[in-house]
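A.B. asks: Quick one: the structure is below, and I'll ask about it shortly.
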Amino acid sequence: MPAAPPPMPGPVPVAGALAPVPPAPAPPPELRYSGLAVGSLIAAVVFFPAGLVLGILALAGLDRRAERGKGLAVAAVAIASTAILTLAVVIPAVVTSEDHDAGRGGDASAHAQPGDVRAPGGEQEDGQGREGTDLSVFDIAVGDCFDSGAGLGTFDEGAEELTVTRLPCEGPHEAEAFAAVQVEGHGAFPGDDELFAVANRECGAHVQGYVLDSWALPLDVQLYYYYPGAATWQLGDREIVCFFGQSGGGALTGTLRGDAAAMDADQLRYLEVTTPLEVAIWGEPLPEEGLDARREWAGRMADSVGQEAGTLTAESWPREIEPLVAELAEARLTSLAHWNDAAGAGDESAFARHVEAGYDAMGIDSEIEIRGILGLPVGG
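As structure tokens, this is what we get:
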């Protein structure tokens, strides 16, 4: 499985790994807790020497009922022989301070709501101590906190992982998984660039749903992804696993998962109104995805900006923030023209100019004041 920043260089093998997977290994179809599951092949993935022996024995003893078993045995031998099935290329996608200042986005899908999937840190196994539990990259679940094998600081130019170490979220850890999504709409391996774009888009769309308020994320937190490589794709791997990590590979302490029970009604209502725009902001395509994709995104931004302005105006708010909410709604409407212009931009230069103007006119200063009064994070 891999992770993701712009442009994606070739993978860097993890120390001790055998054969490196081509630039970006990743997750499975609809297997796994939300991806990267290779069911019966897990033994060969995690314990590849034993997988090799068992695979050979299985081939030698196969009878008529094992047409399917033969395929699995052959796959197990191939996987164990090359030790690449579980390798994952990881590339960080930096969340810059500009992203935080302009707003952030996420998707409030069921996958990422508090209480869904597993509690932070996963289900600890008997005998698990503070040193953690070794875990195949295919078994990482949403809510798991873990240390990578090579260290996130080595992933700037891509790296491969065989296993990670799951740790309690309340203690120091390098990463926290916040979403897992399936790659759909492709038969043959779509290539690293396409998977990179999908990972960037889909992981960004799940941030808000997990943290509830992406403004609460520290500025040094990055997004990382594990995604399928050509070899694992052929074996049914279609899952992208999204996780947070600290820039440079430093330690995180405590979960980043949001807790709605800790928020009051006004805070939750404000987040409900502003979340769709946050989701759109996080979905900004990378420049490599081309002008058409970026213009389409600008159109979605225009829709979200217009809808938010209308809802801000229609809702009733506490007296102390009413004037500020009116200012914010007016600013959003001012920025709307720039987003519409970006959606119809004729070239990259015009697009960049309109997007910058759109962000500048969004009324972030008013938003920061509103958040401060409501007791919500203001970034940083």
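Under the working numbering, the first residue of the sequence shown is numbered 131, with each subsequent residue one higher. Glycine included, every Cβ here is placed at the ideal spot set by N, Cα and C.
On the three-state DSSP scale, how would you describe ASP490?
C.D. replies: In the structure shown, ASP490 sits in a helix (DSSP, three-state: H, G or I).
A.B. asks: Hey, is the segment 322-336 in contact with the segment 400-419, meaning 3+ C-beta pairs nearer than 8 Å?
C.D. replies: Short answer: they touch.
A.B. asks: Do you know whose CA, among VAL337, GLY436, LEU342 and ALA346, lies nearest ALA390's CA?
C.D. replies: Selected option, being the one with the closest Cα: LEU342.
A.B. asks: When you compare each of VAL272, SER465 and GLU304 to GLY436 by their alpha carbons, which one comes out closest?
C.D. replies: With distances taken between Cα atoms, GLY436 lies closest to SER465.
A.B. asks: Hey, how far is the Cα of ASP495 from the Cα of VAL403?
C.D. replies: Taking the straight line joining both Cα atoms gives about 18 Å.
A.B. asks: What residues in its chain sit with their C-beta under 7 Å from that of SER373, if we drop five residues either side in the sequence?
C.D. replies: First, the amino acid is wrong: residue 373 is Phe here, not Ser. Answer for PHE373: ALA305, GLU306, ALA307, PHE308 and TYR354, listed in chain order.
A.B. asks: By the DSSP assignment, the beta strand (DSSP E) with GLU306 in it spans what residues?
C.D. replies: Here the beta strand (DSSP E) through GLU306 covers 305-312.
A.B. asks: Identify every residue that forms a DSSP beta bridge with CYS275.
C.D. replies: BP columns for CYS275 point to LEU297 and GLU306.
A.B. asks: For THR443, collect the residues of the same chain with a Cβ closer than 7 Å to its Cβ; drop the 5 residues on either side in sequence, then sort them by chain order.
C.D. replies: The residues are ALA459.
A.B. asks: With three or more beta-carbon pairs closer than 8 Å as the criterion, would you say the segment 311-321 touches the segment 360-370?
C.D. replies: Yes, they touch.
A.B. asks: I'd like to know if LEU407 contacts chain D, where contact means its C-beta is closer than 8 Å to some C-beta of that chain.
C.D. replies: In the structure shown, chain D cannot be found, because there is only a single protein chain.
A.B. asks: How would you label ARG449, buried or exposed, when you count the other beta carbons within 10 angstroms and need 16 or more for buried?
C.D. replies: Looking at its Cβ environment, which holds fewer than 16 other Cβ atoms inside 10 Å, ARG449 is exposed.
A.B. asks: In terms of DSSP beta bridges, what is GLY375 paired with?
C.D. replies: Looking at the DSSP assignment, GLY375 forms a beta bridge with ALA305 and GLN352.
A.B. asks: Does DSSP classify ILE503 as helix, strand or coil?
C.D. replies: In the structure shown, ILE503 sits in a helix (DSSP, three-state: H, G or I).
A.B. asks: With a 10 Å radius around its C-beta and 16 neighbouring C-beta atoms as the bar for buried, classify LEU506 as buried or exposed.
C.D. replies: By the neighbour-count rule (16 or more Cβ atoms within 10 Å), LEU506 is buried.
A.B. asks: So, with DSSP's three-state summary, where would you put GLU255?
C.D. replies: Residue placement at GLU255 cannot be trusted, given a pLDDT of 40 that sits under 50; the coordinates are not used to answer.
A.B. asks: Which whole-angstrom value describes the C-beta separation of GLY359 and GLY283, a residue pair presumed to lie in contact below a C-beta threshold of 8 Å?
C.D. replies: No, GLY359 and GLY283 are not in contact; Cβ-Cβ is about 22 Å, not under 8 Å.
A.B. asks: I need the boundaries of the alpha helix (DSSP H) containing HIS347, first residue and last residue.
C.D. replies: A small fix is needed here, since residue 347 is Leu in this sequence, not His. That residue, LEU347, is in no alpha helix (DSSP H); it is neither H nor E in DSSP.
A.B. asks: State the DSSP-derived secondary structure class of ILE270, mapped to helix, strand or coil.
C.D. replies: Three-state DSSP puts ILE270 in coil, outside helix and strand.
A.B. asks: Looking only at DSSP bridge pairs, what is LEU78 linked to?
C.D. replies: One cannot answer for residue 78 here, as it falls past the ends of the chain, which runs 131 to 510.
A.B. asks: So the alpha helix (DSSP H) THR405 belongs to, where does it begin and stop?
C.D. replies: Run containing THR405: 395-412, per the alpha helix (DSSP H) assignment.
A.B. asks: Terminal residues of the continuous alpha helix (DSSP H) containing GLY440?
C.D. replies: It spans 421-444 - the alpha helix (DSSP H) in which GLY440 sits, taken as one unbroken run.
A.B. asks: Would you report the Cα separation of ASP322 and TRP363, rounded to the nearest angstrom?
C.D. replies: Each residue's alpha carbon lies about 11 Å from the other.
A.B. asks: Would you tell me roughly how many angstroms separate the C-alpha atoms of LEU382 and GLY375, rounded to the nearest one?
C.D. replies: Those two C-alpha atoms are separated by around 7 Å.
A.B. asks: Give the single residue among PRO348, ILE270, HIS303 and LEU504 whose Cα lies nearest to the Cα of GLU452.
C.D. replies: Of the candidates PRO348, ILE270, HIS303 and LEU504, the one whose C-alpha sits nearest the C-alpha of GLU452 is LEU504.
A.B. asks: Does DSSP put ASP264 in a helix, in a strand, or in coil?
C.D. replies: Reduced to three states, the DSSP call for ASP264 is strand.
A.B. asks: With distance defined between alpha-carbon atoms, name the residue in PRO348, GLU497, GLY440 and VAL371 nearest to ASP325.
C.D. replies: The amino acid occupying residue 325 in the given sequence is Leu; Asp does not appear at that position. If we check each option's Cα against that of LEU325, VAL371 comes out closest.
A.B. asks: Buried or exposed: ASP274, going by 16 or more other Cβ atoms within 10 Å of its Cβ?
C.D. replies: So ASP274 ends up on the buried side.
A.B. asks: For LEU262 and GLU408, what's the separation of their Cα atoms in angstroms?
C.D. replies: In the sequence under discussion, the amino acid at residue 262 is Gly, which differs from the Leu named in the question. Cα to Cα, GLY262 sits roughly 34 Å from GLU408.
A.B. asks: Roughly how many angstroms separate the alpha carbons of VAL551 and SER344, rounded to a whole number?
C.D. replies: One cannot answer for residue 551 here, as it falls past the ends of the chain, which runs 131 to 510.
A.B. asks: Do you know how far the Cα of ALA461 is from the Cα of PRO158?
C.D. replies: Any reading at PRO158 must be qualified, since the residue scores a pLDDT of 33, below 50, and its modelled position is unreliable; the value itself is stated next. If I take the Cα positions, the gap works out to 43 Å.
A.B. asks: Rounded to the nearest angstrom, how far is the Cβ of ALA410 from that of MET431, given a contact under 8 Å?
C.D. replies: About 5 Å separates the two Cβ atoms, so the contact holds.
A.B. asks: Got a sec? Which residues, its chain only, sit under 6 Å from ILE116 by beta carbon, not counting five neighbours each side?
C.D. replies: The question about residue 116 has no answer, for the chain in this structure spans 131 to 510.
A.B. asks: Roughly how many whole angstroms lie between the Cα atoms of THR441 and ASP264?
C.D. replies: The straight-line gap from Cα to Cα measures roughly 47 Å.
A.B. asks: With a floor of 3 residues, list each beta strand (DSSP E) that falls wholly inside the segment 453-478, ordered by position along the chain.
C.D. replies: Fully enclosed beta strand (DSSP E) runs of 3 or longer: not present.
A.B. asks: List the DSSP bridge partners of ILE370.
C.D. replies: Answer is VAL311.
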